[in-house]
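Undergrad:
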Amino acid sequence: MSKAITLKLKKFDDSVPTPAYARPGDAGLDLYAAQDASIAPGCREIINTGIAIAIPEGYAGFVQPRSGLAAREGLTIVNTPGLIDSGYRGELKVIALNTDVENTIRIQRGERIAQLVIQEVPVVTIDVVDELDATERGEGGFGSTGKK
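If you're matching positions, the sequence shown starts at 225 in this note's numbering and goes up one per residue.
As structure tokens, this is what we get:
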């Protein structure tokens with residue numbers, strides 16, 4: 225079982241729902257739109273969430289699309305996952321993208337638009353070396369493991 229952490233949250237607008245898990249055991253907290261938005265086919269829009277958070281040091285936040293909106297309407301996030309560093313204290317914003325080629329996506333204020341996953345992240349030190357250890361995959365890049 226994962227350890228619980230406390231996430232401090234500042235609301236800029238009390239009428240926007242506070243992020244919450246839809247069901248027990250979910251990994252992502254639902255994020256809500258703090259504004260109405262219309263996103264034309266193939267276009268993107270920055271959508272305010274009306275909140276700021278204080279992620280504890282040693283953790284990071286990852287903003288990810290909601291699968292239902294992606295499947296039904298073609299709504300995704302341009303920089304998925306959007307990374308929120310522990311030192312950031314500004315308003316969370318979602319860079320939404322309409323992948324539908326025909327229909328405008330209409331977002332209503334208070335609608336769930338994305339998910340926020342908080343994960344522990346290690347501090348990495350860099351060790352510059354002349355050679356890396358050999359692996360079965362080696363330098364095989366995109367598609368090197370085949371289709372199956």
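Built from N, CA and C at the ideal position, the CB exists for glycine as well.
Give me the Cα-Cα distance between Val341 and Asn322, rounded to the nearest whole angstrom.
TA: 22 Å
Undergrad: Just tell me which of Gly362, Glu344, Ile350 and Val325 has its CA closest to the CA of Ile263.
TA: Residue Val325 is the option with its Cα nearest to Ile263.
Undergrad: Gly285 bridges to which residues according to DSSP?
TA: Ile308 and Ile342
Undergrad: Which of helix, strand or coil does DSSP assign to Ser262?
TA: Ser262 falls in the strand class under three-state DSSP.
Undergrad: Grab me the residues of Ala278's own chain with a C-beta within less than 6 Å of its C-beta, minus the 5 sequence neighbours each way, in chain order.
TA: Lys232
Undergrad: Using a 10 Å radius around the Cβ and a threshold of 16 neighbouring Cβ atoms, would you call Thr242 buried or exposed?
TA: Thr242 is exposed by the Cβ-count criterion.
Undergrad: Keeping to the same chain, check which residues put their C-beta closer than 8 Å to that of Glu315; ignore five residues upstream and five downstream.
TA: So the list reads Phe236, Asn272, Thr273, Gly274, Ile275 and Ala276, once near-sequence residues are dropped.
Undergrad: Going by C-alpha to C-alpha distance, which of Arg247, Gly266 and Asp254 sits closest to Ile329?
TA: Gly266
Undergrad: Over what stretch of residues does the beta strand (DSSP E) that includes Ala257 continue unbroken?
TA: From DSSP, Ala257 is part of no beta strand (DSSP E); its letter is neither H nor E.
Undergrad: When the Cβ atoms of the stretch 292-307 are set against those of the stretch 244-251, are three or more pairs found closer than 8 Å?
TA: no
Undergrad: Below 8 Å on the Cβ atoms is my contact criterion, and I expect Glu269 with Ala261 to pass it. Report the Cβ-Cβ distance as a whole number of Å.
TA: 5 Å
Undergrad: Taking the alpha-carbon of Pro305 as reference, which of Val353, Ile350, Asp354 and Ala284 has the nearest alpha-carbon?
TA: Ala284
Undergrad: CB-CB under 6 Å to Phe286, same chain, minus the five flanking residues each way: which ones, in chain order?
TA: Apart from the 5 residues on each side of it in sequence, Phe286 sits with its Cβ closer than 6 Å to the Cβ of Pro305 and Val341 in its chain, given in chain order.
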